[in-house]
Amino acid sequence: MVDVLFVEAILYQTLKLVPAILFASLGELVAEKSGVLNLGVEGIMLMAAFTAFDVTYMTGNPWLGILGAIGVSLILGLVFSFFAVNLRVNQVVIGLGLWLFGLGLSDTLYRAFFAVGTTPTVPIIGDMNIPVLTSIPVIGRIFFDQNPLVYISIALIPVVAFFLSKTNLGMKITAVGENPRAAETMGVDVYKIRYLAVLIGAAFAGVGGAYFTISLLSTFILNVTFGKGFIALAMIYFGKWKPYRIFLPLIIFSFVDSLQLGVQAIGVPIKYFFLNMIPYITIIALIPILGRRAEAPAALMEPYKKGG
5 MVDVLFVEAI LYQTLKLVPA ILFASLGELV AEKSGVLNLG VEGIMLMAAF
55 TAFDVTYMTG NPWLGILGAI GVSLILGLVF SFFAVNLRVN QVVIGLGLWL
105 FGLGLSDTLY RAFFAVGTTP TVPIIGDMNI PVLTSIPVIG RIFFDQNPLV
155 YISIALIPVV AFFLSKTNLG MKITAVGENP RAAETMGVDV YKIRYLAVLI
205 GAAFAGVGGA YFTISLLSTF ILNVTFGKGF IALAMIYFGK WKPYRIFLPL
255 IIFSFVDSLQ LGVQAIGVPI KYFFLNMIPY ITIIALIPIL GRRAEAPAAL
305 MEPYKKGG
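For the sequence shown, the residue numbers in this note's numbering are 5 to 312.
Structure (structure tokens):
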């Protein structure tokens, strides 16, 4: 019975950990399909996590916290787009700068607004608990007693796939990421499309960051996202820039992360820092398995000058 309960808890937690990375991965996938690589996803997630926490603390409504997180993320996305698209600054440099900015400012603002040594908590978005289905042995809790953002994030996979392959805007984004010069000759405003794609990515990353403070933890701590923005970037590579393919490596990573947390919880005599390393070692192990023949958009990271 204990073994069954342990496995049930691990699988439940596996899905519970999915949204933060999945939101960020799907959003950044859209940005990269336009030819823009935003390594600042982690910084955006950190600022979004703090904003969601702060807004929820003031209003008592975590859904308003998510809206606040999206707002801040869009502002940061605009700043990044201006440097990357208009000024054509190296995307790696500005992305890393955005990450460090988000890391430092989120911690500074937390210390400024909340007394040092206190750990305030906020209301969170709780699990849905779907009637009848939740009572199914084992699988009931795993699949039907999850946070609503779990279901929303997974549902967005086919939505993003459809958007990129079947809608006019999605096809423009893809065209710009493959050959911006040819897209411009067809009347596509490359700057506008790249701005929109980056803003979509920033908004999604904002929801992913908010998930940490208003769904998982109910509080804010330094570096609360634990590098998950960079993991989101890796998922795009493993998924070969296709929305559906992101889910498999993400589930593998989430399962291993959940497993090491479960092992720590039951008191297995292994140093916690060794266990914390295992999910990231898994990422390295996945490179030769899922990273082969991964083809990025042809114009990814290539600055573009109108009429140039």
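Beta carbons: idealized from backbone N, C-alpha and C, even for Gly.
Option nearest residue i by Cα separation, candidates the options
| i | options | result |
| --- | --- | --- |
| residue 39 | 88, 77 and 80 | 88 |
| residue 219 | 67, 30, 18 and 35 | 67 |
| residue 195 | 63, 310 and 50 | 310 |
| residue 254 | 148, 241 and 112 | 241 |
| residue 23 | 235, 43, 139 and 187 | 235 |
| residue 185 | 288, 45, 307 and 293 | 307 |
| residue 246 | 21, 10, 210 and 36 | 36 |
| residue 199 | 299, 183 and 177 | 177 |
| residue 128 | 135, 64 and 134 | 64 |
| residue 239 | 285, 290 and 221 | 290 |
| residue 181 | 41, 73 and 153 | 41 |
| residue 292 | 149, 243, 305 and 120 | 243 |
| residue 124 | 270, 221 and 268 | 221 |
| residue 144 | 94, 79, 134 and 153 | 134 |
| residue 151 | 132, 70 and 136 | 132 |
| residue 90 | 75, 197 and 155 | 197 |
Status (buried if at least 16 other CB within 10 Å, exposed otherwise) for residue i
| i | result |
| --- | --- |
| residue 295 | exposed |
| residue 5 | Note that residue 5 scores 46 on pLDDT, short of 50, meaning its location in the model is unreliable and no value can be drawn from it. |
| residue 190 | exposed |
| residue 77 | buried |
| residue 303 | buried |
| residue 170 | exposed |
| residue 297 | exposed |
| residue 50 | buried |
| residue 92 | exposed |
| residue 29 | buried |
| residue 173 | exposed |
| residue 116 | exposed |
| residue 203 | buried |
| residue 299 | exposed |
| residue 187 | buried |
| residue 269 | exposed |
| residue 43 | buried |
| residue 21 | buried |
| residue 140 | exposed |
| residue 301 | buried |
| residue 179 | buried |
| residue 274 | exposed |
| residue 119 | exposed |
Contact under 8 Å by Cβ, residue i with residue j
| i | j | result |
| --- | --- | --- |
| residue 48 | residue 108 | no |
| residue 126 | residue 61 | yes |
| residue 114 | residue 208 | no |
| residue 32 | residue 237 | yes |
| residue 157 | residue 27 | yes |
| residue 25 | residue 263 | no |
| residue 18 | residue 259 | yes |
| residue 201 | residue 34 | yes |
| residue 233 | residue 46 | yes |
| residue 284 | residue 146 | no |
| residue 10 | residue 271 | no |
Cβ-heavy atom distance, residue i to the ligand ZN, below 7 Å
| i | result |
| --- | --- |
| residue 9 | Among the components modelled here there is no ligand, and therefore nothing to report on the ligand ZN. |
Inter-stretch contact at 8 Å, needing at least 3 Cβ pairs: the stretch 94-104 / the stretch 78-85
Yes, the stretch 94-104 touches the stretch 78-85.
Determine contact between the stretch 52-61 and the stretch 208-228, defined as no fewer than three beta-carbon pairs at a distance below 8 Å.
yes
Hey, is the stretch 271-284 in contact with the stretch 219-229, meaning 3+ C-beta pairs nearer than 8 Å?
No, they do not touch.
Enumerated in chain order, which unbroken segments of the beta strand (DSSP E) with a length of 3 residues or greater are wholly contained in the stretch 30-96?
Whole beta strand (DSSP E) segments, 3+ residues: zero.
Taking three-plus beta-carbon pairs below 8 Å as touching, is the stretch 146-161 in contact with the stretch 236-252?
yes
Runs of 4 residues minimum, wholly inside the stretch 134-215: which ones carry the alpha helix (DSSP H) assignment?
143-148, 152-170, 172-182, 184-189 and 194-215
Segments of 4+ residues assigned as alpha helix (DSSP H) that fall wholly inside the stretch 227-262:
232-242
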